[in-house]
Structure formats: structure tokens, C-alpha cells
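Going by the UniProt record's numbering, the sequence shown opens with residue 1, and the numbers climb by one from there. Glycine included, every Cβ here is placed at the ideal spot set by N, Cα and C. Just so you know, these numbers come straight off a predicted model, no measurement behind them. All remarks here apply to the structure that follows.
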Amino acid sequence: MSQDQVEILRKQVDEINLQILELMNKRAGLVQEIGQEKLKQGINRFDPEREREMLNLLVENNNGPFTDDTVRHLFKQIFQASLDLQKSDNKKVLLVSRKKKAEDTVITIKGVEFGGTSPILISGPCSVESYEQVREVAENHVKRGLRTLRGGAYKPRTSPYDFQGLGVEGLEILKRIGDEFNLVTISEIVTPSDLELAAKYVDVIQIGARNMQNFELLKAAGRLGHPVLLKRGLAATIEEFIYAAEYILSEGNSQVMLCERGIRTYEKATRNTLDISAVPLLKQETHLPVFVDVTHSTGRRDLLLPCAKAGLAVGSDGIMVEVHPDPDVALSDAKQQLNIPQFNKMVDDLLASGLYKQEIP
Ligand code: PEP
Ligand code: MN
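See the structure below:
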């Protein structure tokens with residue numbers, strides 16, 4: 001075959017490509033019309049029986065050289081692309097995304113701005129153990145001008161024989177101390193039916209790493225409309241984390257903060273691997289406040305300060321760190337909680353770094 005003949009055939013192929021393109025777009029237009037009609041009638045857009053009919057018709061009329069399997073495969077792609085086109089814009093542009101809302105979400109609780117111009121330190125014991133224990137931490141918070149107190153009342157522990165938390169009694173302690181010292185309180189809830197009661201006691205509901213994909217809990221937290229701090233799952237991708245937050249927003253609650261708390265990797269030197277790049281990525285992709293939990297990510301007291309600085313340097317809206325009056329006898333996370341003098345030193349060092357400002361002078 002001469003070069004000229006090849007050129008002639010190539011021209012024909014180009015023409016056919018253009019025809020296929022035109023026909024595919026014409027087909028897409030018709031599918032969109034059907035989609036609109038189905039939407040009006042409230043019918044599901046994906047219709048497997050109809051797909052089967054179309055594939056059978058195509059295979060019956062296949063004269064080759066493509067095999068029947070290839071024809072099925074090619075048309076399945078076209079069907080899928082058409083279905084994707086029918087997804088409403090709402091589903092393509094997530095509510096959590098910057099595309100949906102360009103400006104930062106700022107959540108104001110008891111006068112404290114989460115996601116505002118200054119970073120916030122979320123700190124307190126791993127578990128609420130007693131009124132006295134939490135009070136000691138809260139008194140120090142007030143002295144240091146801190147406004148946010150965390151403490152677990154329901155502890156998701158690896159072993160069922162480990163301390164499981166004080167439950168409602170723990171929430172009551174947080175409420176009492178939050179009121180007494182005018183502190184914003186945060187506590188984890190693990191059961192959807194506990195949410196409503198918990199919202200009466202604490203200012204922010206934490207959904208922990210182990211429950212990031214507990215979709216019923218996420219939906220219930222969305223319906224509740226109370227501020228939520230959502231932590232990244234133990235092995236969750238950023239996409240899965242974003243979709244988890246979307247579950248809450250999709251139920252009408254936009255008061256959501258994200259918290260990077262380290263992910264599981266092969267590295268054993270730290271408890272988890274702090275994914276620092278998650279912070280600017282989440283800030284770019286979403287409009288929600290983003291925090292960095294240095295305690296559960298590193299699991300090491302000696303790394304809390306440098307990782308907190310790193311978190312703030314890459315644009316996080318604040319840091320979570322655990323502090324206990326006597327970590328050696330703590331009922332959970334004894335190894336990595338700071339005692340009060342160590343915590344105060346960390347606050348001093350963060351202030352000195354210029355990355356963190358006094359919350360109340
Ligand atoms: C916690 O913050 O108390 C906690 C259990 O953290 P995570 O869910 O990130 O493990
Ligand atoms: Mn802990």
C-alpha cells in the first residue's frame with residue numbers, strides 16, 4: 001500500500017471519528033432528556049433491564065470484526081458516561097468543596113472562632129476521669145487564656161477490658177466545668193442515639209477516627225445540627241475523609257471541622273503517620289476548618305511541639321493536644337499525654353514561634 005493510500009484511509013478514519021463523536025453527543029442529549037423526564041416522575045435513572053436490552057440488540061447486530069465482548073465493553077463505557085452526565089450538578093460539586101463555597105467556614109461557639117483568623121488550641125485529657133481531674137486542667141486553661149476543653153466520656157478502646165469512659169457522667173462533668181470556666185467543650189460520641197443527649201452537655205460533638213465511616217452516625221450528626229469535629233479514619237484516604245464530612249453537610253449541618261490525626265502506615269517509630277500535606281490539601285479542597293491532632297498522630301511527647309508547629313505552618317486552624325494533671329496514672333493514653341507544666345511549656349514555645357497567638361491576652 002502506498003503512502004498516499006494510507007493517507008486516504010486515515011482521512012476516512014478521521015471522518016468516522018467525527019461522526020462517532022457527533023453521534024455520541026447526540027445520544028448523550030437524548031439520554032439527558034430521558035433523565036430530566038425520569039427526575040420529574042421520580043424514577044431511578046439507572047435501569048439495568050434497559051441496559052441489558054440495549055446490549056443484547058447491539059450484540060445481535062454485531063457483524064465484526066469487534067468481538068461481542070469488545071462491543072459490550074465499549075458500549076458499557078458510553079452508558080456509564082451518559083449516566084454520569086445525568087448526575088445533578090449538586091452531586092458533582094460537593095457541599096464541603098471550595099467550588100461550592102469559596103469563603104472559609106468560621107464556626108463561632110461561646111465567642112471562640114474556629115476557622116477564623118487565629119489558630120485555636122483544643123486541649124484537655126484523653127478521658128474524663130473525675131471532676132477534680134478535669135477542673136485542674138480547666139483552671140490552667142483559664143490562666144493560659146485558652147478557651148477550648150476536650151475530654152472523652154465514651155472511649156473507643158482497642159481492648160474491651162480497657163477503661164471505656166464515664167459515659168453520661170463524663171458529659172455532666174464537662175458541662176459543669178464548661179459553664180463554670182466559660183470554656184468550649186468537645187467530647188466524642190460513638191452511638192447515634194446518644195447524640196441528642198450529648199448536644200445538651202457539650203458544645204462540639206467529636207466523631208472519632210474509628211467512626212469516620214459510621215455513616216448512620218454521620219447522618220444523625222448532620223440532622224442534629226450541632227457543631228461537629230470529624231477526625232480522619234485510621235486508614236482513610238483524603239477523598240474518603242471529604243465524603244465523610246459531606247455526609248454531615250448533606251443532612252443540613254455545615255458546622256463541621258476536620259481533624260487530621262495520623263494514618264496507619266508501615267512506620268512504627270510513631271503511633272501513626274501524621275499526614276501533614278493533608279492540611280493544605282483539605283484547606284484547598286474544602287471550606288471547613290482543619291485541625292491537627294499531634295497526640296494521636298505521633299503518640300510521642302517529644303514530637304508534639306515540632307509537629308504542632310508544622311501543622312500551624314501549613315495552615316491548620318489549630319492543634320489538638322492531650323494534657324492530664326498526672327499522665328502516669330491516666331486511664332487512657334498515659335504515654336503521650338503532657339502534664340500541666342509540660343503543656344504550659346508547649347504553649348510558651350508555640351507563642352514564641354509566632355505561629356500561635358494568645359487566645360485571651
Ligand atoms: C480522641 O481524640 O480521644 C481519640 C480517640 O482520637 P482518634 O479518634 O483520633 O483516635
Ligand atoms: Mn487519647
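Cβ of C126 within 6 Å of any heavy atom in ligand 2? Here residue 126 corresponds to residue number 126 of the sequence shown, with the count starting at 1. It does: the Cβ of C126 is within 6 Å (strictly closer) of some heavy atom of ligand 2.
Are G152 and S127 touching if we call contact CB-CB under 7 Å? Taking the sequence shown and counting its residues from 1, the one referred to as residue 152 is at position 152. Taking the sequence shown and counting its residues from 1, the one referred to as residue 127 is at position 127. In contact: G152 and S127 (Cβ atoms closer than 7 Å).
Continuous alpha helix (DSSP H) stretch holding G170: start and end: In the sequence shown, the residue the question calls residue 170 occupies position 170. Following the DSSP letters along the chain, one finds G170 inside the alpha helix (DSSP H) bounded by residues V168 to F181.
A330, buried or exposed, once every other Cβ within 10 Å from all chains shown has been counted against 16: Along the sequence shown, one-based indexing puts residue 330 at 330. It counts as buried.
Tell me which residues share the same chain as R144 and place their Cβ nearer than 7 Å to its Cβ, disregarding the 5 neighbours each side in the sequence. For the purposes of this step, residue 144 is taken as the residue at position 144 of the sequence shown. Closer than 7 Å at Cβ, skipping near neighbours: N344 and V347.
Residues of its chain near L157, where Cβ-Cβ distance is below 8 Å and the 5 sequence neighbours each way are ignored: Within the sequence shown, residue 157 is the residue found at index 157, counting from 1. For the record, residue 157 in the displayed sequence is Arg; it is not Leu. So the qualifying residues of the chain are F163, Q164 and S332.
For ligand 3, residues whose Cβ lies under 5 Å from any non-hydrogen atom: Among the ligands in the structure shown, ligand 3 does not appear; only ligand 1 and ligand 2 can be found there.
Quick one: does the C-beta of D333 sit closer than 6 Å to a heavy atom of ligand 2? Position 333 of the sequence shown, counted from the start, is the residue given in the question as residue 333. True, at least one ligand heavy atom lies under 6 Å from that Cβ.
Can E322 be considered in contact with ligand 2, in the sense that its beta carbon sits closer than 6 Å to one or more heavy atoms? Walking along the sequence shown from the start, residue 322 turns up at place 322. Yes, the Cβ of E322 comes within 6 Å of a heavy atom of ligand 2.
Looking at L229: is its Cβ nearer than 7 Å to the Cβ of Y247? Here residue 229 refers to the residue found at position 229 of the sequence shown. Here residue 247 refers to the residue found at position 247 of the sequence shown. Against a cut-off of 7 Å, the Cβ pair of Y247 and L229 comes out as no contact.
Anticipated Cβ contact below 8 Å, D317 with I120, distance rounded: Mapped onto the sequence shown, residue 317 falls at position 317. Mapped onto the sequence shown, residue 120 falls at position 120. That pair is a contact at about 7 Å.
Spell out the partners DSSP gives D293 in its beta bridges. Within the sequence shown, the letter at position 293 stands for residue 293. Note: D293 sits in a beta bridge opposite M320.
Going along the chain, which unbroken runs of the beta strand (DSSP E) with 3 or more residues stay wholly within the segment 188 to 212? 204 to 207
Taking the Cβ atom as the reference point for each residue, do R150 and Q86 lie within a distance shorter than 7 Å? Along the sequence shown, read from residue 1 onward, the residue named residue 150 stands at position 150. Along the sequence shown, read from residue 1 onward, the residue named residue 86 stands at position 86. No; because the gap between Cβ atoms is not below 7 Å, this pair is not in contact.
Ignore the nearest five residues each way along the sequence and tell me which others in A334's own chain have a CB closer than 7 Å to its CB. The residue you call residue 334 lines up with position 334 of the sequence shown. Closer than 7 Å at Cβ, skipping near neighbours: P327 and D328.
Looking at the structure shown, is T79 part of a helix, part of a strand, or coil, going by DSSP? Within the sequence shown, the letter at position 79 stands for residue 79. First, the residue type needs correcting, since residue 79 is Phe and not Thr in the sequence shown. Three-state result, F79: helix.
Beta carbon of V294 nearer than 7 Å to that of V321: Here residue 294 refers to the residue found at position 294 when the sequence shown is read from its first residue. Here residue 321 refers to the residue found at position 321 when the sequence shown is read from its first residue. In this structure, V321 lies closer than 7 Å to V294 by Cβ.
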